[in-house]
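Undergrad:
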Amino acid sequence: MEQGSPATEARPRVFLGYTSDDVEIARRLAETLERAGIEVWWDKWCVSAGDSLRQKIDEGIGGCTNFLALLSPRSIKKPWVNQEMDAGLVRKLNDQCRFLPVRHELPASELPPLLSGIVSPTITIDADNVQLINDIHGVSRRPPHGPAPQAIQASQASQTSQTSQTSQTGYSAAANMVARHFVEKSDDGLFGDPIIEVEDLAQEESLSVADTEDAIHELHGFLRESTGTILVEGALFAEFDRYWKDWNTSDDALRLAADIMSDPQFPDSCKEIAKRYQWEPRRLNSTIYFLLERSLIVDYQGIGTAPWAVFRIVGNQNMRRFVKSRT
277 MEQGSPATEA RPRVFLGYTS DDVEIARRLA ETLERAGIEV WWDKWCVSAG
327 DSLRQKIDEG IGGCTNFLAL LSPRSIKKPW VNQEMDAGLV RKLNDQCRFL
377 PVRHELPASE LPPLLSGIVS PTITIDADNV QLINDIHGVS RRPPHGPAPQ
427 AIQASQASQT SQTSQTSQTG YSAAANMVAR HFVEKSDDGL FGDPIIEVED
477 LAQEESLSVA DTEDAIHELH GFLRESTGTI LVEGALFAEF DRYWKDWNTS
527 DDALRLAADI MSDPQFPDSC KEIAKRYQWE PRRLNSTIYF LLERSLIVDY
577 QGIGTAPWAV FRIVGNQNMR RFVKSRT
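Residue numbers (this note's numbering): 277 to 603.
1) Would you call Trp254 buried or exposed, if buried means 16 or more other Cβ atoms sit within 10 Å of its Cβ?
2) In chain order, what residues of the same chain lie with their CB nearer than 6 Å to the CB of Arg379, ignoring the 5 residues before and after it?
3) Verify whether the separation of the beta carbon atoms of Glu489 and Arg500 is less than 8 Å.
4) Return the chain-ordered list of same chain residues with a C-beta closer than 6 Å to the C-beta of Asn594, the five sequence neighbours on each side being excluded.
5) For Glu360, count neighbouring Cβ atoms within 10 angstroms of its own Cβ and tell me buried if that reaches 16, exposed if not.
6) How would you call His493, buried or exposed, if buried means at least 16 neighbouring beta carbons within 10 angstroms?
7) Give the straight-line distance between the Cα atoms of Arg417 and Asp528, rounded to the nearest whole angstrom.
8) Rounded to a whole number of angstroms, what is the C-alpha to C-alpha distance between Glu278 and Pro288?
9) Along the beta strand (DSSP E) that carries Trp317, what are the first and last residues, could you check?
10) Under 6 Å Cβ to Cβ from Phe542, same chain only, skipping five residues before and after it: list those, please.
11) What residue range does the beta strand (DSSP E) around Arg374 cover?
12) Starting from the C-beta of Gly591, find all residues in its chain whose C-beta is less than 6 Å away, skip the five residues before and the five after it, and write them out in chain order.
13) Flag Ser392 as yes when its Cβ comes closer than 7 Å to any non-hydrogen atom of the ligand PLP, and as no otherwise.
14) With a Cβ-Cβ cutoff of 8 Å, do Gly364 and Gly414 count as a contact?
15) Give the DSSP-derived three-state secondary structure of Arg350 in the structure shown.
16) Would you decide whether Arg374 is buried or exposed? Buried here means 16 or more other CB atoms lie within 10 Å of its CB.
17) Measure the beta-carbon distance from Pro377 to Leu391 and round it to whole angstroms, keeping in mind my assumption that it falls under 8 Å.
18) Between the C-alpha atoms of Val316 and Leu382, what's the straight-line distance to the nearest angstrom?
19) Work out the CA separation of Ala312 and Asn410 for me, nearest whole Å.
20) How far does the alpha helix (DSSP H) with Glu307 in it extend, from its first residue to its last?
21) Have a look at Glu310 and Ser324 and give me their C-alpha separation to the nearest angstrom.
22) Starting from Val508 and walking both ways along the beta strand (DSSP E), at which residues does that stretch end?
23) Using CA atoms only, rank isn't needed, just tell me which of Ala582, Pro583, Ala455 is closest to Glu515.
24) Leaving aside the five residues before and after Ile472 along the sequence, list all residues of the same chain whose C-beta is less than 7 Å from its C-beta, in chain order.
25) For Leu369, does the three-state DSSP call read helix, strand or coil?
26) Which residue from Glu556, Thr503, Ser562 puts its Cα closest to that of Leu530?
27) Where does Glu489 fall in DSSP's three states?
28) Just to confirm, are Arg559 and Trp520 a CB contact at a threshold of 8 Å?
29) Since I believe Phe498 is in contact with Gly465 (beta carbons under 8 Å), could you give me their beta-carbon distance rounded to a whole number of angstroms?
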């Protein structure tokens with residue numbers, strides 16, 4: 277937008293178009309606007325002896341953010357006033373200023389056709405013109421917003437949280453809802469804990485079946501689908517627990533790996549490790565899957581390990597390098 281646009285001006289500048297027959301009300305109007313912090317171009321102030329009247333008017337109109345036309349039964353008949361209004365309307369059409377017609381002793385029914393569709397309030401000599409001043413300053417007439425109903429606030433908070441999670445995880449909103457379902461519904465964080473049908477998951481999360489299937493596809497590697505049944509992989513907990521649980525699995529894995537590497541007497545029993553850290557199986561299993569996914573421990577998975585993901589936790593050379601690269 278060009279210089280002089282209302283959107284770029286810190287202080288509004290008004291060009292006051294009028295006829296000399298209305299000089300008294302024009303003077304009072306100009307003084308009122310000036311006192312309200314509005315810079316007014318009025319010929320009685322801005323044109324000096326020896327100045328080119330045309331050039332001064334061009335400068336005033338060209339630099340205004342608001343063209344204020346004082347319309348009266350006398351001014352609408354003056355060719356000079358109409359030429360100024362033509363220039364103001366052209367600037368309005370080019371989005372360079374606002375065109376504000378105000379009426380004095382002139383019924384709205386007597387406005388020229390081109391101006392009849394523009395709101396033109398009536399002003400008087402003694403009026404305080406507060407609304408006109410507010411309009412020029414861009415002050416809204418709308419009252420302050422009250423708080424939304426509680427149910428709406430809760431919905432907005434949920435949407436904001438969901439958007440934040442999408443930004444954090446890098447996955448879609450539907451994928452986040454599906455991942456969060458398994459994070460929060462799992463008892464021990466093991467493979468297949470829990471198991472759920474696609475239709476049931478869609479219903480619980482208020483998703484369409486199509487959106488749910490798309491989310492499952494997006495979470496490939498974390499979920500396994502077989503004949504409409506969804507099985508969760510341990511890798512999902514290792515990846516997503518940090519968003520919806522009170523721990524960061526990556527930090528837990530580094531802590532456990534560092535302790536294993538620094539203490540030759542460190543236990544390899546899952547039960548003993550959980551007791552030492554005061555962790556439930558749910559938290560330790562998430563850490564185990566994090567280490568397994570990166571081949572940092574020996575794979576001791578098997579049948580009968582529940583509630584643990586492995587029989588025991590034994591580090592390897594990759595674990596040593598993992599700790600060394602992060603400390």
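No residue lacks a Cβ here, since even glycine has one placed at the ideal position from N, Cα and C. Please read these numbers as outputs of a predicted model, since none were measured by experiment.
TA: On the basis of the supplied data:
1) Because the chain is modelled from 277 through 603, residue 254 falls outside the range shown and cannot be assessed.
2) Once the five neighbours on either side are set aside, the close Cβ partners of Arg379 are Leu347, Ser396, Thr398.
3) Result no, Cβ atoms of Glu489 and Arg500 do not sit closer than 8 Å.
4) Within the same chain, Cβ atoms closer than 6 Å to the Cβ of Asn594 are found at Ser571, Leu572, the five residues on either side in sequence being excluded.
5) Around the beta carbon of Glu360, a 10 Å sphere encloses 16 or more other beta carbons of the protein chains shown; the residue is thus reported as buried.
6) When all chains shown are included, His493 counts as exposed.
7) In this structure, the CA atom of Arg417 is about 56 Å from the CA atom of Asp528.
8) Caution applies to Glu278, whose pLDDT of 41 falls short of 50 and renders its modelled position unreliable; the value that the coordinates give is listed next. Using only the alpha carbons, I get a separation of about 15 Å.
9) Segment 315-317, the beta strand (DSSP E) holding Trp317.
10) Residues Asp535, Ile536 of the same chain have their beta carbon placed closer than 6 Å to that of Phe542, with the five preceding and five following residues left out of the count.
11) Here the beta strand (DSSP E) through Arg374 covers 374-379.
12) The residues are Ile536, Ile573.
13) Absence of the ligand PLP is noted for the structure shown, with no ligands found whatsoever.
14) It is not a contact, given that the beta carbons lie outside the stated cut-off.
15) DSSP places Arg350 in coil when its eight states are reduced to three.
16) Around the beta carbon of Arg374, 16 or more other beta carbons sit within 10 angstroms, so the residue counts as buried.
17) In this structure, Pro377 and Leu391 form a Cβ contact; the two beta carbons are roughly 6 Å apart against a cut-off of 8 Å.
18) Distance between the alpha carbons of Val316 and Leu382 is about 23 Å.
19) CA-to-CA, the gap between Asn410 and Ala312 works out to about 9 Å.
20) DSSP places Glu307 in the uninterrupted alpha helix (DSSP H) bounded by 299-311.
21) Glu310 and Ser324 have their C-alpha atoms some 19 Å from each other.
22) Per DSSP, Val508 belongs to the beta strand (DSSP E) from 505-508.
23) Ranking Ala582, Pro583, Ala455 by Cα distance to Glu515 puts Ala455 first.
24) Apart from sequence neighbours up to five positions away, the residues of its chain that approach Ile472 with a beta-carbon distance below 7 Å are Ile506, ordered along the chain.
25) Residue state, collapsed to three classes: helix.
26) When only C-alpha atoms are compared, the closest one is Ser562.
27) Note: Glu489 maps to helix in three-state DSSP.
28) No, these two residues do not count as a Cβ contact at 8 Å.
29) Their Cβ separation, rounded to whole angstroms, is 13 Å, which puts Gly465 and Phe498 out of contact at 8 Å.
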